[in-house]
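S.K.:
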Amino acid sequence: MAPRALDSLTNWAYDAFAAEGLERLELLHQVDNLASCRVAEKTRYQFHQVLPARPPFPRDGHLHIRRADTQAR
Numbered sequence: 024m025a026p027r028a029l030d031s032l033t034n035w036a037y038d039a040f041a042a043e044g045l046e047r048l049e050l051l052h053q054v055d056n057l058a059s060c061r062v063a064e065k066t067r068y069q070f071h072q073v074l075p076a077r078p079p080f081p082r083d084g085h086l087h088i089r090r091a092d093t094q095a096r
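So, in structure tokens, the structure goes:
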């Protein structure tokens, strides 16, 4: 259910903000949140880098990115 919801939200964002030049969306989660990592991968958010811990995240984070040019139409 989470991948479908994220994919729907992602598609809406790209449709709604295409005229403004939206080029990418970012998804951030703590490194130990494996379920969020799977959701990101299933919805074509590519792993980009590990970010150091800082509020509100007490642990390092994974940054995933989905670029507009990867949108399936």
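Heads up: the sequence shown begins at 24 in the working numbering, then just goes up one per residue. From the three backbone atoms N, C-alpha and C, an ideal C-beta is built for every residue, glycine too.
(1) So Leu51 packs on Ala36, CB below 8 Å; how close in whole Å?
(2) For Phe70, which residues in the same chain have their Cβ closer than 7 Å to its Cβ, ignoring the five residues on either side in sequence?
(3) Tell me the residue span of the alpha helix (DSSP H) that contains Val62.
(4) In three-state DSSP terms, what is Arg82?
(5) Let me check understanding here. Comparing Cα to Cα, which of Glu46, Thr33, Ala25 and Ser31 lies closest to Ala91?
M.R.: With the structure as the only source:
(1) As a first step, residue 51 must be located in the sequence shown, where it is residue number 28. As a first step, residue 36 must be located in the sequence shown, where it is residue number 13. Rounded, the Cβ-Cβ distance is 16 Å, inconsistent with contact.
(2) Taking the sequence shown and counting its residues from 1, one reaches residue 70 at position 47. So the qualifying residues of the chain are His85 and His87.
(3) The residue given as residue 62 occupies position 39 in the sequence shown. It spans Leu57 to Lys65 - the alpha helix (DSSP H) in which Val62 sits, taken as one unbroken run.
(4) As a working note, residue 82 is residue 59 in the sequence shown. DSSP places Arg82 in the coil class of the three-state scheme, outside both helix and strand.
(5) The residue given as residue 91 occupies position 68 in the sequence shown. Taking the Cα of Ala91 as reference, the smallest distance to any Cα among Glu46, Thr33, Ala25 and Ser31 is reached at Glu46.
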